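Residue numbers (the working numbering): 51 to 148.
We put the CB at the ideal spot given by N, CA and C, even for glycine.
On a predicted model such as this, the values are computed, not experimentally measured, just so you know.
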Ligand SMILES: [Zn+2]
């Protein structure tokens with residue numbers, strides 16, 4: 051299995067271990083994971099903290115050119131909110147499962 055998808059799955063498992071929803075994501079730049087996260091809606095009482103948003107947030111604020119070279123791996127097809135965030139940053143996306 052692709053190591054980045056495996057990392058996203060590992061994040062999803064961590065979310066389950068925390069009592070949350072099993073969705074994980076990682077952001078990859080130049081072959082390196084620069085951000086990882088998982089759905090934290092239950093844990094944080096959040097309406098927007100999806101796995102993709104968490105991974106992007108944890109990547110930190112970077113220039114637009116940085117995101118153009120990133121790929122976001124996620125364990126679920128992104129929802130419209132996350133798709134918008136991904137498109138706005140020009141990341142490419144790969145997902146597995148649903
Ligand atoms: Zn979403």
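Using alpha carbons as the reference points, say which of the options lies closest to residue i.
| i | options | result |
| --- | --- | --- |
| residue 141 | 130, 122 and 134 | 122 |
| residue 95 | 55, 134, 68 and 128 | 68 |
| residue 144 | 77, 60, 64 and 72 | 77 |
| residue 102 | 59, 57 and 74 | 74 |
| residue 56 | 87, 70, 71 and 80 | 87 |
| residue 83 | 135, 114 and 110 | 110 |
| residue 43 | 66, 137, 138 and 136 | Any question about residue 43 goes unanswered here, given that the chain covers just 51 to 148. |
| residue 60 | 79, 124, 107 and 119 | 124 |
| residue 118 | 104, 135 and 53 | 135 |
So if DSSP puts residue i in a beta bridge, which residue, or which two residues, is it bridged to?
| i | result |
| --- | --- |
| residue 155 | Residue 155 is absent from the structure shown; the chain starts at 51 and stops at 148. |
| residue 122 | 77 and 143 |
| residue 63 | Bridge partners of residue 63: none, in fact. |
| residue 83 | 78 |
Report yes if the C-beta of residue i is less than 7 Å from at least one heavy atom of ligand 1; otherwise report no.
| i | result |
| --- | --- |
| residue 72 | no |
| residue 131 | yes |
| residue 100 | yes |
| residue 128 | yes |
Give every residue of the same chain whose Cβ lies closer than 6 Å to the Cβ of residue i, excluding the five residues on either side of it in the sequence, and list them in chain order.
| i | result |
| --- | --- |
| residue 100 | 89 and 132 |
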